[in-house]
Amino acid sequence: MENKNVKKTEDKSIQKTSGYVFTPKVDIWETEDDIHLIAEMPGVDEKNVDINLEDQTLTILGRVMPDEMEGYEKVYSEYHVGNYERSFTVAQDIDRDKIKATMKQGVLTLVVPKSESAKPKRIEVKAE
Amino acid sequence: MDWISTLRDMELAAQDMDRFLRGWPTAGMRRYAYPQVNIWTNEDGAIITSEVPGIDPKKIDLEIIGNQITFTVELPERAAGENICYIRNELQTGKFTRELRLPFNIDADKTSAEYAKGVLRITVKKAEKDKPKKLQIKAD
């Protein structure tokens, strides 16, 4: 797996730092050559992202350090802070070494190149 | 106005929304305004946090008038390029504004905001005149 600023780990256990585990919202789209995945994981930095690819399951994990507001008291809460986890089923012949991952401002971006067999093929029709 | 009554009003409004949604497939899903906020407070002021991942911090608009704080964020379209085919499209895009009224006047000059890991954190300070003052009692 090629990494820009995200470390890769083979650790499959999820160590939970707080009680909540959220399903991150994603956009996934494909172009002719790649599949792009964007996941929103606010509060997660690049050191706390794990990406695991096992068989046909791609799992993204994000660990959040809870906010500490020393000298303040929480008086109102609309959202909870917690870890993120989501799994996706991917094609069998994905080349894991070619997956590119970046993490910026709480957004994980994965670019997964399509295998040659999954790319569209154009067959030219010859006219005589 | 104090924190308790402000929060009670917000809670009552949220309960009205829940009642309105009862019987719909979305029942039970509390609908808050976006972006959602958490608020901490102490004697000097408050901290407001909001999860707004992946935005350009230069495009966060923050305005303070009296006891009111307003912030606007712009969530960009993520997909770029030609011949894009969406498989999942769950992320919101567009401009969102949140307006909060605090139970004290805000000292705009001492208010600061930072954006890190997709979380906006606004630290507001109370205006001097709204801070509690201790008076010395004169005794003969």
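Residue numbers (this note's numbering), protein chains in the order written: chain A, 5 to 132; chain B, 178 to 317.
Every residue gets a Cβ at the ideal spot worked out from N, C-alpha and C, and that includes glycine.
These numbers come from a predicted model, not from an experiment.
Among the options, the one whose alpha carbon lies nearest that of residue i
{"i": "Ala95/A", "options": "Val129/A, Val25/A, Val116/A", "result": "Val116/A"}
{"i": "Asn52/A", "options": "Ile39/A, Met69/A, Lys102/A, Asp31/A", "result": "Met69/A"}
{"i": "Pro230/B", "options": "Ile39/A, Lys108/A, Lys118/A", "result": "Lys108/A"}
{"i": "Phe248/B", "options": "Ala256/B, Lys272/B, Lys287/B, Tyr263/B", "result": "Lys272/B"}
{"i": "Asp59/A", "options": "Arg100/A, Gly75/A, Arg67/A", "result": "Arg100/A"}
Within chain B, the residues that residue i reaches when beta carbons sit closer than 8 Å
{"i": "Ser81/A", "result": "Asn215, Ile216"}
For residue i, the three-state DSSP class (helix, strand or coil)
{"i": "Thr35/A", "result": "coil"}
{"i": "Pro212/B", "result": "coil"}
{"i": "Asn87/A", "result": "strand"}
Distance, residue j Cα to residue i Cα
{"i": "Arg278/B", "j": "Asn244/B", "result": "6 Å"}
{"i": "Leu41/A", "j": "Ile232/B", "result": "17 Å"}
{"i": "Ile299/B", "j": "Ile103/A", "result": "36 Å"}
{"i": "Phe321/B", "j": "Lys303/B", "result": "Residue 321/B is absent from the structure shown; chain B starts at 178 and stops at 317."}
Beta-carbon contacts of residue i that lie in its chain and below 7 Å, excluding the five residues immediately before and after
{"i": "Gly110/A", "result": "Glu44, Met45, Pro46, Gly47, Val48"}
Interface partners of residue i on chain A, CB under 7 Å
{"i": "Arg255/B", "result": "Asp31, Ile42"}
{"i": "Val301/B", "result": "Near Val301/B there are no residues of chain A at all, since even the closest Cβ is about 12 Å away, more than 7 Å."}
Chain B contact residues for residue i, given Cβ-Cβ distances below 9 Å
{"i": "Gly23/A", "result": "Here the premise fails: no neighbours, minimum Cβ distance about 16 Å."}
Own chain residues within Cβ distance below 6 Å of residue i, not counting five before or after
{"i": "Pro28/A", "result": "Ala43, Glu44, Met45, Tyr88, Arg90"}
{"i": "Thr63/A", "result": "Asn56, Ser91"}
{"i": "His84/A", "result": "Tyr24"}
{"i": "Tyr269/B", "result": "Sequence inspection shows Gln at residue 269/B; the Tyr mentioned does not correspond to that position. Same-chain partners within the cutoff: Leu252."}
Close beta carbons around residue i, own chain, < 8 Å, minus the five adjacent residues each side
{"i": "Pro309/B", "result": "Glu220"}
{"i": "Leu312/B", "result": "none"}
Neighbour list for residue i in chain A, Cβ cutoff strictly below 8 Å
{"i": "Gly258/B", "result": "Thr35"}
{"i": "Glu267/B", "result": "Lys29, Val30, Asp31"}
Within chain A, partners of residue i - CB distance below 9 Å
{"i": "Glu228/B", "result": "Glu44, Pro46, Gly47, Tyr83, Val85, Gly110"}
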